[in-house]
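Protein chains: 2
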Amino acid sequence: MYRSHNCGELNASNINTEVTLAGWVQKSRDKGFMNWVDLRDRYGITQLIFDESRTDKTVFELAKTLGREFVIQVKGTVIEREAKNKNIPTGEIEILVSELNILNAALTPPFTIEDETDGGEDIRMKYRYLDIRRNPVKNSLLFRHKVAMEVRKYLSDLDFCEVETPYLIKSTPEGARDFVVPSRMNEGQFYALPQSPQTFKQLLMVGGMDKYFQIVKCFRDEDLRADRQPEFTQIDCEMAFVEQEDILNVFEGLTRHLLKEIKGIEVDKFPRITYDYAMKTYGNDKPDIRFGMEFGELNEFAQHKDFPVFNTAELVVGIAVPGAGNYTRKEIDGLIDWVKRPQVGASGMVYAKCNDDGTFKSSVDKFYDQDDLGQWAKITGAKPGDMIFVLSGPANKTRAQLSALRMELATRLGLRNPAEFAPLWVVDFPLLELDEDSGRYHAMHHPFTSPKPEDMQLLETEPGKVRANAYDMVLNGNEIGGGSIRIHDKATQQLMFKYLGFTEEEAKAQFGFLMDAFQFGAPPHGGLAFGLDRLVAILGGQETIRDFIAFPKNNSGRDVMIDAPATIDDAQLKELHIKVAIQ
Amino acid sequence: MYRSHNCGELNASNINTEVTLAGWVQKSRDKGFMNWVDLRDRYGITQLIFDESRTDKTVFELAKTLGREFVIQVKGTVIEREAKNKNIPTGEIEILVSELNILNAALTPPFTIEDETDGGEDIRMKYRYLDIRRNPVKNSLLFRHKVAMEVRKYLSDLDFCEVETPYLIKSTPEGARDFVVPSRMNEGQFYALPQSPQTFKQLLMVGGMDKYFQIVKCFRDEDLRADRQPEFTQIDCEMAFVEQEDILNVFEGLTRHLLKEIKGIEVDKFPRITYDYAMKTYGNDKPDIRFGMEFGELNEFAQHKDFPVFNTAELVVGIAVPGAGNYTRKEIDGLIDWVKRPQVGASGMVYAKCNDDGTFKSSVDKFYDQDDLGQWAKITGAKPGDMIFVLSGPANKTRAQLSALRMELATRLGLRNPAEFAPLWVVDFPLLELDEDSGRYHAMHHPFTSPKPEDMQLLETEPGKVRANAYDMVLNGNEIGGGSIRIHDKATQQLMFKYLGFTEEEAKAQFGFLMDAFQFGAPPHGGLAFGLDRLVAILGGQETIRDFIAFPKNNSGRDVMIDAPATIDDAQLKELHIKVAIQ
Numbered sequence: 001m002y003r004s005h006n007c008g009e010l011n012a013s014n015i016n017t018e019v020t021l022a023g024w025v026q027k028s029r030d031k032g033f034m035n036w037v038d039l040r041d042r043y044g045i046t047q048l049i050f051d052e053s054r055t056d057k058t059v060f061e062l063a064k065t066l067g068r069e070f071v072i073q074v075k076g077t078v079i080e081r082e083a084k085n086k087n088i089p090t091g092e093i094e095i096l097v098s099e100l101n102i103l104n105a106a107l108t109p110p111f112t113i114e115d116e117t118d119g120g121e122d123i124r125m126k127y128r129y130l131d132i133r134r135n136p137v138k139n140s141l142l143f144r145h146k147v148a149m150e151v152r153k154y155l156s157d158l159d160f161c162e163v164e165t166p167y168l169i170k171s172t173p174e175g176a177r178d179f180v181v182p183s184r185m186n187e188g189q190f191y192a193l194p195q196s197p198q199t200f201k202q203l204l205m206v207g208g209m210d211k212y213f214q215i216v217k218c219f220r221d222e223d224l225r226a227d228r229q230p231e232f233t234q235i236d237c238e239m240a241f242v243e244q245e246d247i248l249n250v251f252e253g254l255t256r257h258l259l260k261e262i263k264g265i266e267v268d269k270f271p272r273i274t275y276d277y278a279m280k281t282y283g284n285d286k287p288d289i290r291f292g293m294e295f296g297e298l299n300e301f302a303q304h305k306d307f308p309v310f311n312t313a314e315l316v317v318g319i320a321v322p323g324a325g326n327y328t329r330k331e332i333d334g335l336i337d338w339v340k341r342p343q344v345g346a347s348g349m350v351y352a353k354c355n356d357d358g359t360f361k362s363s364v365d366k367f368y369d370q371d372d373l374g375q376w377a378k379i380t381g382a383k384p385g386d387m388i389f390v391l392s393g394p395a396n397k398t399r400a401q402l403s404a405l406r407m408e409l410a411t412r413l414g415l416r417n418p419a420e421f422a423p424l425w426v427v428d429f430p431l432l433e434l435d436e437d438s439g440r441y442h443a444m445h446h447p448f449t450s451p452k453p454e455d456m457q458l459l460e461t462e463p464g465k466v467r468a469n470a471y472d473m474v475l476n477g478n479e480i481g482g483g484s485i486r487i488h489d490k491a492t493q494q495l496m497f498k499y500l501g502f503t504e505e506e507a508k509a510q511f512g513f514l515m516d517a518f519q520f521g522a523p524p525h526g527g528l529a530f531g532l533d534r535l536v537a538i539l540g541g542q543e544t545i546r547d548f549i550a551f552p553k554n555n556s557g558r559d560v561m562i563d564a565p566a567t568i569d570d571a572q573l574k575e576l577h578i579k580v581a582i583q
Numbered sequence: 001m002y003r004s005h006n007c008g009e010l011n012a013s014n015i016n017t018e019v020t021l022a023g024w025v026q027k028s029r030d031k032g033f034m035n036w037v038d039l040r041d042r043y044g045i046t047q048l049i050f051d052e053s054r055t056d057k058t059v060f061e062l063a064k065t066l067g068r069e070f071v072i073q074v075k076g077t078v079i080e081r082e083a084k085n086k087n088i089p090t091g092e093i094e095i096l097v098s099e100l101n102i103l104n105a106a107l108t109p110p111f112t113i114e115d116e117t118d119g120g121e122d123i124r125m126k127y128r129y130l131d132i133r134r135n136p137v138k139n140s141l142l143f144r145h146k147v148a149m150e151v152r153k154y155l156s157d158l159d160f161c162e163v164e165t166p167y168l169i170k171s172t173p174e175g176a177r178d179f180v181v182p183s184r185m186n187e188g189q190f191y192a193l194p195q196s197p198q199t200f201k202q203l204l205m206v207g208g209m210d211k212y213f214q215i216v217k218c219f220r221d222e223d224l225r226a227d228r229q230p231e232f233t234q235i236d237c238e239m240a241f242v243e244q245e246d247i248l249n250v251f252e253g254l255t256r257h258l259l260k261e262i263k264g265i266e267v268d269k270f271p272r273i274t275y276d277y278a279m280k281t282y283g284n285d286k287p288d289i290r291f292g293m294e295f296g297e298l299n300e301f302a303q304h305k306d307f308p309v310f311n312t313a314e315l316v317v318g319i320a321v322p323g324a325g326n327y328t329r330k331e332i333d334g335l336i337d338w339v340k341r342p343q344v345g346a347s348g349m350v351y352a353k354c355n356d357d358g359t360f361k362s363s364v365d366k367f368y369d370q371d372d373l374g375q376w377a378k379i380t381g382a383k384p385g386d387m388i389f390v391l392s393g394p395a396n397k398t399r400a401q402l403s404a405l406r407m408e409l410a411t412r413l414g415l416r417n418p419a420e421f422a423p424l425w426v427v428d429f430p431l432l433e434l435d436e437d438s439g440r441y442h443a444m445h446h447p448f449t450s451p452k453p454e455d456m457q458l459l460e461t462e463p464g465k466v467r468a469n470a471y472d473m474v475l476n477g478n479e480i481g482g483g484s485i486r487i488h489d490k491a492t493q494q495l496m497f498k499y500l501g502f503t504e505e506e507a508k509a510q511f512g513f514l515m516d517a518f519q520f521g522a523p524p525h526g527g528l529a530f531g532l533d534r535l536v537a538i539l540g541g542q543e544t545i546r547d548f549i550a551f552p553k554n555n556s557g558r559d560v561m562i563d564a565p566a567t568i569d570d571a572q573l574k575e576l577h578i579k580v581a582i583q
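Chains as they are written, first to last, in my numbering: chain A, 1 to 583; chain B, 1 to 583.
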C-alpha cells in the first residue's frame, strides 16, 4: 500500500492521524531549520513539514535533496498548520513527516508544472506527459470524462444502445479523404478508417436496434486547419421511427441535461431558426446569439440616392453596434482596415453614428439625409449612442464579411462570455450546394440525407432550392452537432446518387449494400452526431480543443511526442504488398 | 410521431386505449374473415387483429398484402385477447386495427428472422443487418452495452478517468504485426494502429492521471484463428502508486460487481494460484475450476516397475474422471484415439478403473499391483466408480495433452455449465519465455513488465526462472484479463530491452519517449486489460464472441457485408506515396 490518503483529502478532521502519502514534489521552501514541501497528486496538494527539532536527522537531511517533480512517499502525522491557507481544501493542515522514501528522482522538467507555464506549445507537446500534470490540462481531461459519462448515462436511460461499429471499413471517395490501411491477407486491397459510422448506424436501424449511440473516433485525412485533428471523437446517434421533431427533442434534452449537470445552468427551450433566416440575419449558419447585432437589409433605403457603390450592389446590409457611437475616427479606420484585410475581403465600409440627440453623422452624409439614416437605424435596431456599420456587394460574400465583423466586434466588446450558453437549432438546410469550381452540386450534409418531400419536384429544375430535413445544433457560434432524416428507400437513394453525379455502377460498388438493405424493410430513421472535442471545449469555456485531447497531433498530423508517423521496414512493406513511391 | 408505444409495453392495463404502433411484420395468419399479424420491434411483439366485421374493408384488404418484414404503422384500440399468451408481456392484449400504413415493403429475407434461423453463417454475415433483427444477436448487443455501462460506472465511481488515447500511432515491430496507415502529409511515413494503448497509459501515469481506464478498440494483423478478430475491444486500465495486491483487489471488485449486477450471482473472494501451480495442477495457465479432475503426478508410484513407457518419461501424470468407471472398452478406445489425434498428440493412454468394491482394473495390470493403483487413486483423488487416465512423456507436452483431455471430458460430462462462474487469479507468471525456434527469450507479457525484485539476480544466469509481477484473471477456462506491475525507471527498462535483444539504438528509436518520460518523475504503476468481446460472451453464457460484435469480420479479415477490404484508385495511392506491389 503506497498511500493511505491522496493529496487532496486531508483536513482539520484528520489532525493527529498517522498517514502515508505519495506524490510529486511541487516545490520546497528550505528555511534552514524548517523545510516545507508541497506534495502534489491528481487530487490536490498537501503541505509536508520537515522540522530540525521534530524530524529525524536523516529524514531532515534527505528532504533537502528533493528536487521539483521527484516522486516521493512519506509517513507522518497530520498536524494543524500555523499559517492556514483558505484557498485549498487541505489548507488547514500539514504533515509532520517521520519517514521519507524517494520513489523516483526527476530531471528538472523543461517547463514549469504550474497553471501558467513558461513552456511554449511545441515543447509542451513533446513532453505532453509533463503538460498533463498541469491543472489546466489535467482538469480538461477529467472534465471530458465527466461529460462523456453524462452523455452515456442520459442516452442509456432513454434506451439508446451503444454499439461499436468497425474501424476497418471500405474507402468511399465521396466526402473527405480517407485514411487507408493496406491488407496483408487480401493482396492489393485496402481498408479505410471511418470518417463516421454513418452507413453502419443506418444499417443498425435497418437491423431494428431502434436507438443507437456511440462515442467513437472518426478519421479524416484533410489538410489541418488550426484546431482540427486527423482523428476526432463524435457522439454518434441514430433513431428509427422518428421525425425531425423527435430527434430535436431528444438531443435538445441531452444538451439541456449537460448544461444543468455539468455547468449548473438551466436553459429555456432552444430557439429554432431556418438556414435562410440564419444567413439573412447573421450571415452565418452557426450564429452566436449570446448577443444581438442582427443584420438589417438596407437596399430599400440605400439604393434610392446617387451613391453608386450601394446602387450597384446586390445587397446593402448593416449592423448596429451597441455603444460604439463614440468610436474615434482612428478606431473606425482601424475597423475599415480590418474588414478590408484579405481574410475578410470587403472593399470598404460605410458607417453612421447615432448621436445621443437622435441625429446621425455618417460617412455618406453627402448622399443620405437624416430621414434615410433614421430608416437605417430603425431597420438595424440602432439606438442613440450606437454605431451602424454597412457593407455592400454580392449577397453571399457581403453577408460573410459582415458576419466576420459582427463576431470581431462582439469579441472586442466582451459580448462572447464563455460562461454564458446560448444554444439553438438551425433547420431546413439546403440539400445540395453548388461547387463553384466544378459547377456540380454536392450533398451539403451527406448523400443519405432526405430531401423535404414537398421540395422533391424542384430536384430537376432548381436543385439549389431543395431543402433537406437536416439540422444543426449551434452553441455560442459553433456547430456542435448536426444531422438529418435519412433516405430509407432504394428508389430515392438511387435518385440522389444520380443527382450527385454517381454512375449506377459507382453507386452500386460503393453503397450497394446500403441500397440492398433498404429493400428488406428499412424503417424511417434519422440521427445526428455531436463533435465531442468541440462540445467539451465549449462547455469548458475554452476556444481551442487541444487541451481537451490527451495526445493531440500538430498541424502536420504529427505526434511529436512519440515521433509518428515514421518509416517502417521493408519486410513490413513487402508483407503488405506495397512499395513506397515518392515522386 | 410514428408511434405512441413500442411493441413490448402494452398489457391489460392499456385495454381500450387508442394507440399507434410501428414495426416489422413478424408473421401473419390469414383465416379469411380474420387476420392476425405479429408486429415486432426491438422491444417485443404485439399482436394485431384485422377482422372482416370490425375492420374497415380497405384496411382489411390491405392487411392481406403484408409480407414478412414489411415495415408498417398502425392505429387501433387495445382489446383483450381471447386466447391469451402467458409467455410474452403483451400476451393478454391485441390491437384491433383501424388504420394501416405501409412504411416500407420488404423482399423476402434470405433467411428466417427467428431465434433459430435457417440461415448459415455466411449468409447471415452478408446480411448482418437482418441477422441483428434476430433476438439472439440483438440481445447480445444489448447485453454488451449493459456490461460496458456497468464497467464505466464502477470504475468512474472509483475515480478512474476514461482517457481517449490516439489511434494513429507509431509501428513497433515487437509483438504482433501492426496494421499501418500511410501518411499523405509525411511522405514515405506510416502511422500504425495500436495493438493496445500500453505506452500511452503508462505516460498518463507519468502525467499524474492516477487512475485511467478506457474501453478501446485494438488492432492486430494476425492470421485469424477461429473466433479471433483483427479489431477487438479492451477494457484497458492503469493505476499509479499501487502494488499488485491493489490492482487485484480493484479488478476483482469490478468482476464481482459485474457478476452480481448482470448475472445476479455472488461469488466469494477469487482463488489466487501461481502460474507454476496452475501448470502442475491443470496443465494450463487458464484453468477451468468449475470442476475438479486436478492432475496427480505419479512418477513416484509409476516408475518403480518394469513398464518402460513410464520409466523413460519425464512426467507421468493422471486425472480421476468422476463416475467414468463404467466406461465401456469402446468408449475408452475412443478416448485413446482422441488423445492420439495430431491436435492433442499423445502417443497412448493408460487407464485404471476404480471398482465399487475398492479394487482396480487397469490397462497395465501386468506391471502394477493393487497397492500401486491404490496410490494412483490416492494421488489423483479417485473414488470408487471413477476412472483414472494417465499420460506420460516430456513434462510440458504431457501436461498440455492431459489438460486437453480434462477439458474434453468435462464438456462430455456436462461439467462446463455456462450458468456457473468460477473466476480466479493466476499470478507470478514467468517474465520471459523461450522461443524454441530462435533460441531467444521473449517477454511473456510485454517488455514493460517488472521482474520480481527478488528474482532480478537470475536474469543473467537463469532468465527462464525470473518471475514477473504479472497476473491473469481467468474465468471458466478463459483468460479474460491480464496485466502487470510495470517498470518505472529508465535503468531497468534499458536492461530489459537489452535482455530482449534490442540494440540500444532500436530501443531508443522505438521507446525512447517512454524511457525519457521515466526520467521526469515516473510513479510506480501497473494495470491490466480485459478482453471485452470475450468477457461479454462468457458472461452471456456463450462460447463464441461473434454474436457479441455488431459487424464482425470473417477468418480472412473480410467484412462480407460491405465487401471490405477493396481496391482503391490510383489517385489515392499516388497521394499516399505508395504503389501496390504484388509478388
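Glycine is no exception: its CB is placed at the ideal position from the N, C-alpha and C atoms.
Rank B:PHE301, B:ASP563, B:VAL147 by C-alpha distance to the C-alpha of B:LEU373 and give the top, closest one.
Closest option to B:LEU373, Cα to Cα, is B:PHE301.
I'd like to know whether the C-beta atoms of A:LEU528 and A:GLY483 end up nearer to each other than 9 Å.
Yes, they are a contact pair.
Looking at B:ILE485: is its Cβ nearer than 9 Å to the Cβ of B:PRO524?
Yes.
Are the Cβ atoms of B:VAL180 and A:PRO182 separated by less than 9 Å?
Yes, they are a contact pair.
Strictly under 9 Å for the Cβ-Cβ distance: is B:ARG228 near chain A by that measure?
Answer no: the Cβ-Cβ gap between B:ARG228 and chain A never drops below 9 Å.
Sequence ranges, beta strand (DSSP E) only - wholly within the segment 40 to 86 of chain B, length at least 3
Runs of the beta strand (DSSP E) inside the segment 40 to 86 of chain B: 44 to 51, 71 to 80.
Beta-carbon proximity list for A:PHE143, same chain, < 7 Å, skipping 5 on both sides
The answer, listed in chain order, is VAL536, GLY540.
State the CB to CB distance for the pair A:ALA240 and A:ASP210, rounded to an integer number of angstroms; the pair is presumed to be in contact (CB under 8 Å).
Contact between A:ALA240 and A:ASP210 holds, since their C-beta atoms are separated by about 5 Å, short of 8 Å.
Measuring straight from C-alpha to C-alpha, what distance separates B:GLU433 and B:VAL466?
Rounded to whole angstroms, B:GLU433 and B:VAL466 show a C-alpha spacing of 10 Å.
Assuming B:TRP24 contacts B:ASP51 under a Cβ cut-off of 8 Å, what Cβ separation, rounded to an integer in Å, is found between them?
Wrong, their Cβ atoms sit about 22 Å apart, outside the cutoff.
Roughly how many angstroms separate the alpha carbons of B:ILE549 and B:GLY531, rounded to a whole number?
Cα to Cα, the separation comes out at about 13 Å.
Mapping DSSP to helix, strand and coil, what is A:ARG29?
The answer is strand: DSSP assigns A:ARG29 an E or B state.
Does the beta carbon of B:ASP489 sit closer than 9 Å to a beta carbon anywhere in chain A?
For B:ASP489, the nearest CB of chain A lies under 9 Å from its own CB, placing it at the interface with that chain.
For A:SER450, would you say it is in contact with chain B, using Cβ-to-Cβ distances shorter than 9 Å as the test?
Taking CB atoms only, A:SER450 has no neighbour in chain B less than 9 Å away.
Identified DSSP bridge partners for B:MET407
Looking at the DSSP output, B:MET407 sits in no beta bridge, so it has no partner there.
How would you list, in chain order, the residues of chain A whose beta-carbon sits under 7 Å from the beta-carbon of B:SER363?
Those within 7 Å of B:SER363 in chain A number zero; the least Cβ separation is about 46 Å.
If you check the beta carbons only, do A:MET217 and A:TYR154 fall under 9 Å apart?
It is worth fixing the name first, because residue 217 of chain A is Lys in this sequence and not Met. Cβ distance not < 9 Å, so A:LYS217 and A:TYR154 don't count as in contact.
At 9 Å on the CB atoms, spell out the chain A contacts of B:GLN542, in chain order.
Under the 9 Å cutoff, chain A gives no residues; its nearest Cβ is about 17 Å from B:GLN542.
Within 9 Å of chain A by C-beta, residues of the segment 136 to 156 of chain B in sequence order
Per Cβ criterion, the list reads VAL137, LYS138, LEU141, LEU142, ARG144, HIS145, LYS146, ALA148, MET149, ARG152, LYS153, SER156.
Can B:ILE95 and B:GLY67 be called in contact, C-beta distance under 9 Å?
Taking the C-beta atoms as reference points, B:GLY67 is found no nearer than 9 Å to B:ILE95.
Is there a Cβ from chain A that is less than 9 Å from the Cβ of B:PRO109?
At least one chain A Cβ lies under 9 Å of B:PRO109.
With 16 as the cutoff for other CB atoms within 10 Å, does B:ALA468 come out buried or exposed?
The residue is buried, with at least 16 neighbouring Cβ atoms inside 10 Å.
By DSSP's criteria, B:CYS218 is part of a beta bridge. Which residues make up the other side?
DSSP lists B:PHE232 as the bridge partner or partners of B:CYS218.
I need the boundaries of the beta strand (DSSP E) containing A:GLU433, first residue and last residue.
From DSSP, the beta strand (DSSP E) with A:GLU433 extends over 432 to 434.
If I measure Cβ to Cβ from A:HIS5 and keep anything under 7 Å in the same chain, skipping five residues before and after, which residues do I get?
Closer than 7 Å at Cβ, skipping near neighbours: VAL19, LEU21.
Please list the terminal residues of the continuous alpha helix (DSSP H) segment that includes B:GLY531.
In the DSSP assignment, B:GLY531 falls outside any alpha helix (DSSP H) and lies within the beta strand (DSSP E) extending over 525 to 531.
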